[in-house]
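See below for the structure under consideration.
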Amino acid sequence: MTRTMKRCFVTLAILCVWRVQQLAEACSCSPRHPQQVFCNSDVVIRAKVVGKQEVDVGNDLYGDSIKRLKYDIKQIKMFKGPSNAIDAFYTAHSSAMCGVSLETDGRKEYLITGMLEADGTMHVTLCGLIKPWDGLSVTQKMGLTERYQTGCECRITSCSSIPCMINSPSECLWLDWLMEKTENGGQAKHYACIKRSDNSCAWYRGSAAPKKDFMDIEDP
């Protein structure tokens, strides 16, 4: 084997390792409060999934075919998004690339968040908020219709280790990961970070709409 051939094999081996590492690290999602996902998403809908098919969307830099899954959906309610109804969304072919896998018999209702691509299609990943509708708390459902949007100017700061600090009155400190080792803890299920009349932000819990002035972690 010539020196040139050896170099080629080494180069190919490095590229293979690099691609494997890319796939292994591609779907790494940091914990986020549902309100953060809502505020950062282009589309937030309640829908049933009624079909799925694999589609070819082109080739990658290596000439390999890029596959995506297209989920056909029946939109029940749009909480955030374009004026037109969404009848399908696209996701990566595998969970290693952050692709989602949902039941397609049309029986289960889901909360689905995603981003709009340049052509107007909706793209969904595991880093979004993809949950069975029945699995959401009452507060989370209310947050989708009125609460979360009012706090999109606030910043939710996650704390995973002590000490925990905030740097601005417009921040809410999120402690679920520290206290319960889950991103679906008490604050995620029952609280929203709401902007107050003095432009500061605080956690709010309650069945009524937030007052202009309320105490932090209020539960009227």
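What the sequence shown shows, in mature numbering (1 follows the signal peptide of the UniProt record, and there is no 0), is residues -26 to -1, 1 to 194, in sequence order. Just so it is clear, CB atoms sit at the ideal spot from N, CA and C, and this is done for glycine as well.
Query: Counting only the same chain and skipping the five closest in sequence on each side, list residues whose C-beta sits under 8 Å from that of residue 173.; Result: 143, 144
Query: Residue 120 by DSSP, collapsed to three states: which one?; Result: helix
Query: Would you call residue 167 buried or exposed, if buried means 16 or more other Cβ atoms sit within 10 Å of its Cβ?; Result: buried
Query: What are the start and end residues of the beta strand (DSSP E) that includes residue 1?; Result: Residue 1 -> no beta strand (DSSP E), and no H or E assigned at all.
Query: Reducing DSSP to helix, strand and coil, say where residue 65 ends up.; Result: strand
Query: For residue 79, which of helix, strand or coil comes out of DSSP?; Result: coil
Query: Taking the Cβ atom as the reference point for each residue, do residue 140 and residue 9 lie within a distance shorter than 8 Å?; Result: no
Query: Run the CB neighbour count on residue 13, radius 10 Å, all protein chains shown included, and call it buried at 16 or more, exposed below.; Result: buried
Query: Would you identify the three-state DSSP class for residue 112, choosing helix, strand or coil?; Result: helix
Query: Only counting the same chain, and skipping five residues up and downstream in sequence, which positions put a Cβ closer than 7 Å to that of residue 162?; Result: 7, 8, 150
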